[in-house]
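Heads up, the sequence shown is in the working numbering, so the first residue is 5 and it goes up one at a time.
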Amino acid sequence: LVPIEDIERVEIIPGGGSVLYGSGTSGGVINIITKKGARYPYANISTKIASYNYNDLNLGLGGGVSDNLFLKTAVKGFKQRGYRKGEKNTGYYGSLGMHYKISDDQSISFDPSFYRARTYSVPTLGLAELKADRRQQGGERTFTKSTRLNFDLDYAVKFGDRFEANLQPYYQDIRILQKGFVMKDRKEGANLKGKLDYDSGEFIAGYDYLKNKGFRKIDFTTPMNPMMSLSQLTIFDMQKQTHSVYALEKHDFTELFSLSAGGRFERAEYKVDREVSTTMRRMGRIISQTQDSTHVTDDKNNYAFEITPNFNYSKDGNVYFKFERGYISPGPNQLIDKLGRNGPYVLNNLKSETFKTYEIGMKDLIYGQYVSATLFWTDTKNEIVNELLG
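Here's what the structure looks like:
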């Protein structure tokens, strides 16, 4: 959630997604660059009104404190009613930013942000309820409180006119709270990337590290009859640690022909601990209690690569062919499934999703008009999908 007033520019990178960014990325990449270099102070304020009583307020401030230091802040608050009665969503987003030019060849940026939302959702309606009033609440509302905290640091350094390097440590903490349910997801990591420019091309290489910890707590009580009830407390403590290395080369052999190729390797290590406590009560008194625990470890190796030959058949026209092999490595929270609407949470045997994409494309300037066309085919295996049961 980034206010549009805080965006400086949007960059579109046509290829290298699976190699440079790994899991879940294919084709090109869209980078949203936020403001961090305005020399003079600026301020903006905006608001929006839309359907279902949606309204928001955005405020942005920033500017150069000195020749080498830039500071900024952005705040957004929003409120919205849903299509059905009882639905409501309110929240706010805030961010700070600091960019400091250490020297002509070095700079450092620090960007913390915080997001919080309070959501009231309503249950699914049956056919008879839909026919009577499709906008009715239909049952007890569910309240969800969600927060997200981010810290991003970027240190950039140049060695001459040809080589530059970036070190980007980051931290993210997400929490979702409902009645009887707690979810926590924390990411700690760092990216190290180097780029070498030479006369006929460029070479990019890097290393990525990520430690992703997930936590689930599910606590529910089900009445079995007027005298007895069943309570179950399930706790999942999950972790995924990944190490990735990659390299991407683009070389212009002639003015008519260039080739882009690269590869990525990822090593993922998983740990999952599950504890289940089941309690049976009669008239409030415990009559039985059982406990069960499971410990699972797993390792997954994933790889991605791409090769893209490009032919410039005229001053304005080119045609290219691309083959890309990528993957989606499951997160620690995806290693558990719920069996049915009221069923227990269990461990699954989820594999990494892999895909192969074959693509051909062209672009040209014909009679003063820009024309482009792309044709691609993707073959996916072990696709990871979310299914709502019950």
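Every residue gets a Cβ at the ideal spot worked out from N, C-alpha and C, and that includes glycine.
V23: member of the alpha helix (DSSP H) spanning 21-25, first to last residue.
The beta carbon of P313 sits closer than 6 Å to the beta carbons of L263, F325 from its chain, once the five residues preceding and following it are set aside; these are given in chain order. Closest option to S150, judged by alpha-carbon separation, among R220, G95, D137, A132: G95.
Ranking R166, D115, S70, R278 by CA distance to the CA of D296 puts R278 first. E270 sits in a strand when the DSSP states are folded into three classes. Inter-segment contact for the segment 216-230 and the segment 253-269 is absent: fewer than three beta-carbon pairs are separated by less than 8 Å.
Beta bridge pairing from DSSP links L234 with T226, M284. Per the DSSP secondary-structure output, A308 pairs in a beta bridge with R268. For R285, the CB contacts under 6 Å within the same chain, skipping 5 residues up- and downstream, are S233 in chain order.
Among the bridge pairs identified by DSSP, F114 is matched with M102, L157. A straight line joining the alpha-carbon of Q373 with that of S318 spans about 15 Å. F359 has its alpha-carbon roughly 12 Å from the corresponding atom of S333. When only Cα atoms are considered, A308 and I53 end up about 44 Å apart. Put simply, of T77, D177, N386 the residue whose alpha carbon is nearest the alpha carbon of M102 is T77.
Under the three-state reduction of DSSP, K191 is assigned to strand. When the beta-carbon positions are compared, Y175 and K191 come within less than 9 Å of each other.
Ranking S27, S376, K135 by CA distance to the CA of D368 puts S376 first. With a beta-carbon spacing of about 5 Å, Q141 and V126 fall inside the 8 Å limit used to define contacts. Minimum Cα-Cα distance from K162 among the listed residues R152, G205, A121, D108 corresponds to D108. Cβ contact annotation for M287 (same chain, cutoff 7 Å, sequence separation greater than five): M231, in chain order. By the neighbour-count criterion, in which a residue is buried when 16 or more other Cβ atoms sit within 10 angstroms of its Cβ, K385 is exposed. Within 10 angstroms of the beta-carbon of I340 lie 16 or more other beta-carbons, which makes it buried. T51 and I11 have their C-alpha atoms roughly 16 Å apart.
E387 is classed as exposed because its beta carbon has fewer than 16 other beta carbons within 10 Å across all chains shown. The C-alpha of I239 lies about 17 Å from the C-alpha of N216. Taking F114 as the centre and dropping the five residues before and after it, the same chain places the C-beta of M102, L157 closer than 6 Å to its C-beta, in chain order.
For L134, the enclosing alpha helix (DSSP H) begins and ends at 131-136.
As the crow flies, the alpha-carbon of E310 is around 6 Å from that of F327.
For T77, the enclosing beta strand (DSSP E) has its first and last residue at 73-85. Distance check between N305 and each of Q182, L252, K355 places K355 closest, using alpha-carbon atoms only. Of all C-beta pairs linking the segment 54-69 to the segment 80-92, three or more are shorter than 8 Å, placing the two stretches in contact. By the neighbour-count definition (other C-beta atoms within 10 Å, threshold 16), Y25 is a buried residue. With respect to the C-alpha of I36, the residue from P45, S30, G21, V14 having the closest C-alpha is V14.
Pairing F167 with L200, the inter-Cα distance amounts to about 5 Å. In this structure, DSSP gives P173 an extended state, which the three-state scheme calls strand.
Under the DSSP assignment, E357 falls in the beta strand (DSSP E) whose first and last residues are 357-370.
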